[in-house]
Amino acid sequence: MNDPDAAGGGSFSRRTFLKGLGTSAVAAVAAQTTAVAAELEKVNAEKILGPGEVLVTLEVNGRKLKLQLEPRVTLLDALRNYSSLTGAKEGCDRAACGACTVLWDGTPIYSCQKLAIEAQGHEITTVEGLAKDGKLSKVQQAFIAKDALQCGYCTPGFIMSVTALLKQNPHPTADEVKHACAGNLCRCGTHPHILQAVFQAAGVKVTSKTEVIHA
Amino acid sequence: MKAFEYTTALSTDSARELVADKGVYLAGGNDLLGLLKDYLIPGPNILVNVKSLPGLNRIERGANSWTLGALVTIAQLEGDTDLSKVFPGLHDAASEIASPQIRNVATVGGNLAQHSRCWYYRQRDVPCLKKGGDLCYAREGDSRYHSLFSGNDCISPVVSSLGTTFAALDATAVVLRDGKETRLSMAELYQKAWTEPTAHHSLNPGDLILRVEIPTARTASAYLQVSDKHTFDWALVSCAAAADVSGGKLNQSRVALGSISPVPHQVEAANAFLDGKALDDDIASQAADLILKEARPLEHNAYKVPMAHALIRRTLLKLKS
Amino acid sequence: MPSWPTETKYISHPTLRVDAVPKVTGRARYSSDIQADGWLYGMILRSKWPAAKILSVNLDKARQVPGIKAAVVARDGEFTVRYYGEEIAAVAGTTRQACLDALRAIEVKAEPRNEFAVNENEARKDDAPQVWEGRSNVAAGPPREHGNVDQAFGECAAVIEGFYTTPVQIHNPMETHGNTVSWTDDGVTAWASTQGISSVRDGLAGALQLDQSKIRVITDFMGGGFGSKFGAGVEGMLAAQLSREAKAPVRLMLTRFDQALAVGNRPSSFQKIKMGAKADGTLHAFEAENYGTAGIGAGADSGGGGGGADLTMPYLYRVPNSRVKQSHVAVNAGSARAFRAPGNPPASFGMESAMDDLAVKLGMDPLAFRLKNDSNEIRQREYAIGAEKIGWKEKYQKPGSSPGVVKTGIGCAGAAWPAGGPSRSTQGEAQINPDGSVEFRLGVQDIGTGTKTVIAVVAAEMLGLKPEQITVKVGDTNFPPGPGSGGSTTCASVSPTVYDICQRGLQQLLKQTGVADARGKNWFAACKKLGVNPLVVHGNWIEGLSNRPAYGVQFAEVAVDTETGLVAVKKIVAVHDCGLIIDTLTLESQINGGVIMGMGYALYEERVMDDLSGVVLNPNFETYKLPGIADVPEIEIVLLNMPERGVIGIGEPATVPTAAAIGNAVANAIGVRVGSLPITPAKVLAALGKVPHVATT
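Residue numbers (my numbering), protein chains in the order written: chain A, 1 to 215; chain B, 1 to 321; chain C, 1 to 697.
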């Protein structure tokens, strides 16, 4: 019971997609997303898709990705393994570590615990989509300035959580930052610097209390 | 995760039809995808996305009762400023659930219908009683996260903190069952888990939670939980309390505990005891005694008795403020 | 004799991490991000039995799953598995979904053994099932004894006896273990998530019977290791075999579940300590008996010791009369591996807990008791600094005397990391181009500690350039060899090496261009005079610029809710030395990290085995609990900069004393000792006598 559309033009296997990346990606205007969502719903609603591969169209960082995916493919799997967007990381694959955090219509979610097929019609933002015209976002800049990363594997997830927080709440308290970042784990133990980075990104001057004694 | 078919339902009738006898509903998906990834449930052959069902993602405010659509997210509950005034206990329960990423997608219905978090149940290679095996491994083994009360041999506790809070608020779940709307109290929603080891709740396959109705009769409510960690951790014990407080005295009091029983734990005698009383430490403590009187702790979870006692007292005293 | 410059522009100042931009933009390609042309996904089938004889593994049906390109067994013929999670077979296919289906299609015939032991207290009994058939589970070394212990206890004014235990801790780096391996006729290329590219190369060469020169290992970015990622691992070998069979690159990263079972852990410890002091507070007699498990990698068959289950006791202190007995207990669980300061955090927890308990019994202030018995001058200074920072004088109170339900307390503990010296064989090279750009190439890894930044800082300082003008390349076996990144050795290895490269580079520039001092403002002019050919200079680690060991002390302030048992760490003061500081910013990060990992050890982390089924109950982040940002306290760091000592690493000492300091602060708050890590609410309530007694079943 495959989606008949899936066999049609415009769909790519992962392999051909990878080779053609850059040329096949089509810029999409964010404002159109909602309309697209509604349209897709009508087209796909109550139609039984899968279990084999079907055409899944994702909007990631303002670009359209057309992928051939089984319905059981998670959004994280689709990004990392069916396209070249490896910025979102797999840390646990069980909605417990936050390394896979992406924005779903601006809201942070765990992409490992969402099916890619569900993401159709929603605007997905990954860490690769934050810098505009080569200029890093304020949050990215602050993470660098405060050394809010060590091995860096959890970093994209934290950055996505913080980006969403500051958009909603430009001047958070420390407790609000902790509440917003509760779903992200870091094993290197970078948390104090992450806290500093959030304040810095929020325009609050933060100075290190570390003291160096010249012995 | 096995392969499955996928579809999106546009009406509750078609959702039920599409699910048929081997499908499952997909809303937030947090619990479901976890279960599927670890092969903890048989099948399913199809996932029916119910998030487009009309009208189920709203919070409706009435004078006598509020209605929460089953698709309302935990984040919606947490962010609703009116709700935090009318049902502060519910707001606090919502804000302690999991993490922002989960609250943003997890729904009221999914929270109520989630499966046990027992680490034997969730361990794919342990054929425990809850999976249909012969033995409750927790009873024999490490029961640190398990129940003080149970009506059957399985001691995995209910972990829905919304279920616990709704119980204290005397809320009703409206469930689509066999084509009809069926109203279930929280006690009824979980009753089956009390008696049947393989049950997580009383819902039958194909039942769909539509909404939850909460009476506004209780003017005060509170929720507290204790976990090993400060955030993003399951409750070791959780407690919700609600009452109509007037003239400093409690009426229609209800206390419910989570994570210590397969159902939201309520003791009628304790609720009755509290009615008409002015709260103080001593009264709260006596209520806690009543609530925990029948506890049957094991070696590894006996700590939950004093912990629950403290939580009951604190939650009740919060009703005063 | 070489020496570090005394006036510095970058050394001992904060420099931004040089590889931060790719990490914050998602451009950084970790081993798990590698998408080599035509790559396949790889996965491992693991034993679901804690002990079994595997009679046969049939891969036929797995191979028939659409998309599957290769399937291999972990070992040929019949074999025995000895723990839940041991490797049985592996598959490679075009998608994760194909691999998942294939794993379920593998047919394993096995004879599960009904008898096994996953719990060290059971496994050490005489009649316990043997993990290694025909051999005792317990391997005891000879007692280490000096003085006259039995007599000495009689001479003490106070004697305590305590039982202190620490759990098996899992490394849990955010990126799991794994590799992408491409095996072609030309050789093997492995993109490895590793702390040691050279050891991965040598391991693969040995296992695959290939020349070392045929193997290239690349680690551009890796997501943490903490001691568990030095070899290619079984998963690396399997990926290579799959790649050869499939004739395509195979990316085989472990799942989080896999990671918790099979790729290392910190051994547990069960420490029975008896210790006595004279009336003036001088330690006089000490006796300890310790056992712990390193999984199957312990016991009589382990060959190479207990994988860190041995503890150096009485740790930082000299006691004239002491007797120490150690044993390792084999259990049916995954082997231990090096874990950030192996042996030290458990030793610190046991010994420093005993120190506080004895101080209390003597009626002495625990800090004064330490100062009396710790002969190390640097730590003496550090204690003085830390005591002032935390406000020891004002805050230290009699144990349990804090009023109210939520009680506060403070505690402290000391650290050493004696092994943190440099690797003397470290080499590196720099290519100085005519346009003035310069690239440093060292066969080391940056595992998140800031090694690339250290190289840039030292090079910039020595050449009079800015760190951002230095291109740093590490993590490639094609570069001159360097040590594995572990044991706090990397900084002390690479810094003198880069120094040497720079000195040689400047000398060579002088020779070739005649520019007497090519540094700083003369740099570009000098380079231009090179003409068309870049200058490549090779350098080695040199004596006199690095050192060991590092010391440190930490103070903890906690609040304990005596009704719920919940511990909140309010503040940690960490006072550390590491000789000459290279970059204060990344150093600060590493100390924060050590403290937070130590805090996890103190309060949350514990691998839980199930006696009956033999499985790991918490192979996930849900019930193997790591500290979150809300659990992390204010951390105040004081660094002692001692340039005259040379460069010393800091990764290990920063995590050593944290759990002990927190444990002592909890004991100070509530007036009773919780002698078992992690200090959970359940254990706090039990220590306070609040938990009803339940007969064990």
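Even glycine gets a Cβ: it sits at the ideal position worked out from N, Cα and C.
Treat the numbers as computed from the prediction; the structure is a model and nothing was measured.
Worksheet item: Comparing the C-beta of THR231 of chain B with each C-beta of chain C, is any distance below 7 Å?
Response: yes
Worksheet item: Taking 7 Å as the CB-CB cut-off, is ALA310 of chain B touching chain C?
Response: yes
Item to complete: Look up TRP194 of chain B in the DSSP assignment and say whether it is helix, strand or coil.
Response: helix
Worksheet item: Can you tell me the Cα-Cα spacing of GLN554 of chain C and ALA413 of chain C, whole angstroms?
Response: Note on geometry: alpha-carbon atoms of GLN554 of chain C and ALA413 of chain C lie some 6 Å from one another.
Worksheet item: Are the Cβ atoms of VAL139 of chain A and ALA201 of chain A separated by less than 7 Å?
Response: yes
Fill in: Reduced DSSP secondary structure (H/G/I, E/B, other) of VAL458 of chain C
helix
Worksheet item: Do three or more CB pairs link the region 191-204 of chain C to the region 369-377 of chain C at distances below 8 Å?
Response: Not touching, per the Cβ criterion.
Worksheet item: In or out: ILE11 of chain C buried (at least 16 other Cβ within 10 Å) or exposed?
Response: buried
Worksheet entry | Alpha-carbon to alpha-carbon, LYS64 of chain A and LEU316 of chain B | 53 Å
Worksheet item: If you scan the region 186-270 of chain B from start to end, which runs of the alpha helix (DSSP H) of 4 or more residues do you find wholly inside it?
Response: The qualifying runs are 186-195.
Worksheet item: Going by beta carbon distance, what residues of the same chain come within less than 6 Å of ALA71 of chain C, once the five residues before and after it are set aside?
Response: LEU59, ALA62, ARG63, VAL91
Item to complete: Starting from LYS47 of chain A, find everything on chain B with Cβ-Cβ shorter than 9 Å and list it in chain order.
Response: THR7, THR8
Worksheet item: Per DSSP, what kind of secondary structure is LEU535 of chain C in: helix, strand or coil?
Response: Per DSSP, reduced to three states, the secondary structure at LEU535 of chain C is strand.
Worksheet entry | Neighbour flag for LEU45 of chain C against chain B, beta carbons, 7 Å | no
Worksheet item: What do you get for LEU612 of chain C, buried or exposed, if any count of 16 or more other CB atoms within 10 angstroms of its CB means buried?
Response: exposed
Worksheet item: Is the beta carbon of GLY292 of chain C less than 7 Å from the beta carbon of GLY428 of chain C?
Response: no
Fill in: ALA88 of chain A: contacting residues in chain B (beta-carbon distance under 9 Å)
The contacting residues do not exist; ALA88 of chain A stays about 12 Å from chain B at best.
Worksheet entry | C-beta atoms of LEU189 of chain B and SER202 of chain B nearer than 7 Å | yes
Fill in: Against chain B: residues of the region 68-81 of chain A by CB proximity under 7 Å
Within the region 68-81 of chain A, the residues whose Cβ lies closer than 7 Å to some Cβ of chain B are GLU70, PRO71, ARG72, listed in chain order.
Worksheet item: Using a C-beta to C-beta distance shorter than 7 Å, which residues of chain A count as neighbours of ASN30 of chain B?
Response: Under the 7 Å cutoff, chain A gives ALA95, GLN113.
Worksheet item: Within the 7 Å Cβ cut-off, does ARG187 of chain A reach chain C?
Response: yes
Worksheet item: Of the choices B:ALA113, B:ARG144, B:ILE97, whose alpha-carbon is the least far from that of TYR120 of chain B?
Response: B:ARG144
Practice prompt. At 3 residues or longer, and completely inside the region 107-189 of chain A: list those beta strand (DSSP E) runs for me, N to C.
Written response: 107-110, 123-125
Worksheet item: Mind pulling the chain F residues with CB within less than 8 Å of ASN592 of chain C?
Response: You won't find chain F in this structure, because its protein chains are A, B and C.
Discussion item. Judging by CA-CA distance, which residue of B:GLY109, B:ALA75, B:ARG117 is the nearest neighbour of THR623 of chain C?
Written reply: B:ARG117
Discussion item. Strictly below 9 Å CB to CB, what residues from chain A border ILE214 of chain B?
Written reply: Going along chain A, no residue has its Cβ under 9 Å from ILE214 of chain B, so there is no contact; the nearest lies around 24 Å.
Fill in: Rounded separation between MET1 of chain B and TYR604 of chain C - CA only
In a straight line, the C-alpha of MET1 of chain B is about 30 Å away from that of TYR604 of chain C.
Worksheet item: Would you report the Cα separation of MET642 of chain C and LYS389 of chain C, rounded to the nearest angstrom?
Response: For MET642 of chain C and LYS389 of chain C, the distance between alpha carbons rounds to 20 Å.
Practice prompt. Assign PHE4 of chain B to one of three DSSP states: helix, strand, or coil.
Written response: coil
Worksheet item: Which whole-angstrom value describes the C-beta separation of ARG61 of chain B and GLY69 of chain B, a residue pair presumed to lie in contact below a C-beta threshold of 8 Å?
Response: No, ARG61 of chain B and GLY69 of chain B are not in contact; Cβ-Cβ is about 13 Å, not under 8 Å.
Worksheet item: Name the residues in the region 673-688 of chain C whose C-beta lies less than 9 Å from a C-beta of chain B; which are they?
Response: PRO678, THR680, PRO681, ALA682, LYS683, VAL684, LEU685, ALA686, LEU688
Practice prompt. Could you pull the start and end residues of the alpha helix (DSSP H) that LYS64 of chain A belongs to?
Written response: Where LYS64 of chain A is concerned, there is no enclosing alpha helix (DSSP H), although the beta strand (DSSP E) it sits in stretches over 63-69.
Discussion item. Here's the rule I'm using: 16 or more other beta-carbon atoms within 10 Å means buried, otherwise exposed. How should ALA7 of chain A be labelled?
Written reply: Because the pLDDT at ALA7 of chain A is just 35, under 50, the model does not fix this residue reliably, and the value given afterwards should be weighed accordingly. Exposed, by the Cβ-count rule.
Worksheet item: Would you call the CB atoms of THR408 of chain C and ALA669 of chain C closer than 7 Å?
Response: yes
Worksheet item: Mind checking MET222 of chain C: buried by the 16 CB within 10 Å criterion, or exposed?
Response: Per the 10 Å Cβ criterion, buried.
Fill in: Cβ pair count under 8 Å reaching 3, the region 113-128 of chain A against the region 68-76 of chain A
yes
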